[in-house]
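S.K.: Pasting a structure here, questions to come.
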Amino acid sequence: MTIYRLVYVSTANPELTIHDLDQILDTARARNEASGLTGLLVFNGFNFMQYLEGPASALEAVFDAICRDPRHSGVVRVFGDTAEDRLFPAWTMAYARTSTSPGTSAGALNLTTEALKAYLPEDLSPELHMLFVSFNTMSTFGMTPAAAEGFQPAQ
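To convert, take the position in the sequence shown, counting from 1, and add 1162; that gives the numbering used here.
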C-alpha cells in the first residue's frame, strides 16, 4: 500500500496555552486514529512542525482542517512524497517539545538536538532528518539545552 507523507511548519498563535496544546494533541490523536494517520508534532514555543503519513484522501482532509485552525497561522507545506512503509507506524501523534518550549504538556518530550537525532527513525530520509534537526536547532539559539537522559517517546 502506498503511504502519502507531508511535513508542514506554522506559527503558533501568541496566546496559545498549554491547555490548547493538550486539546490539539487529544483531537489529533483521535482524528488520526479514525483516519488511519500517524505522525509527529514538534513545538518549539513559537512554531510547529508536523510530519503526517497515511492514505492520501485522509491526509489531505486532515491537512485542510489543520490549515483552518486558528491556533496557528502561516501554514507552509515544506515536504510531500510517497513511501511504501510508515516511519511512525504506532504513533497516532507523537509530540515533542524542544528544550526551550514553555510549560509542559501530557506526553511531551523535552528534546535537545542530540536527543532528537537519536529519536528520529533510522530510515528517515537525510532531507527530513536535516529538516527536523534544523527546526529544533532554530529554537535553541542562545539557550542551554536540557539533559536528554531518560526521555521516552510519546505515543
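Just so it is clear, CB atoms sit at the ideal spot from N, CA and C, and this is done for glycine as well.
1) Tell me the DSSP bridge mates of residue 1171?
2) Does DSSP put residue 1182 in a helix, in a strand, or in coil?
3) Assuming residue 1250 contacts residue 1201 (C-beta within less than 8 angstroms), just tell me the rounded distance between them.
4) What is the DSSP secondary structure of residue 1189, counted as helix, strand or coil?
5) Have a look at residue 1298 and residue 1210 and give me their C-alpha separation to the nearest angstrom.
6) Is the distance from the Cβ of residue 1168 to the Cβ of residue 1214 below 7 angstroms?
7) Considering only the beta carbon of each residue, do residue 1254 and residue 1195 sit closer than 7 angstroms?
8) Tell me which same chain residues have a C-beta within less than 8 angstroms of the C-beta of residue 1328, skipping the five on either side of it?
M.R.: Checking against the coordinates, here is how it stands:
1) 1211 and 1238
2) helix
3) 6 angstroms
4) helix
5) 10 angstroms
6) yes
7) yes
8) No answer is possible for residue 1328: the residues shown for the chain start at 1163 and end at 1317.
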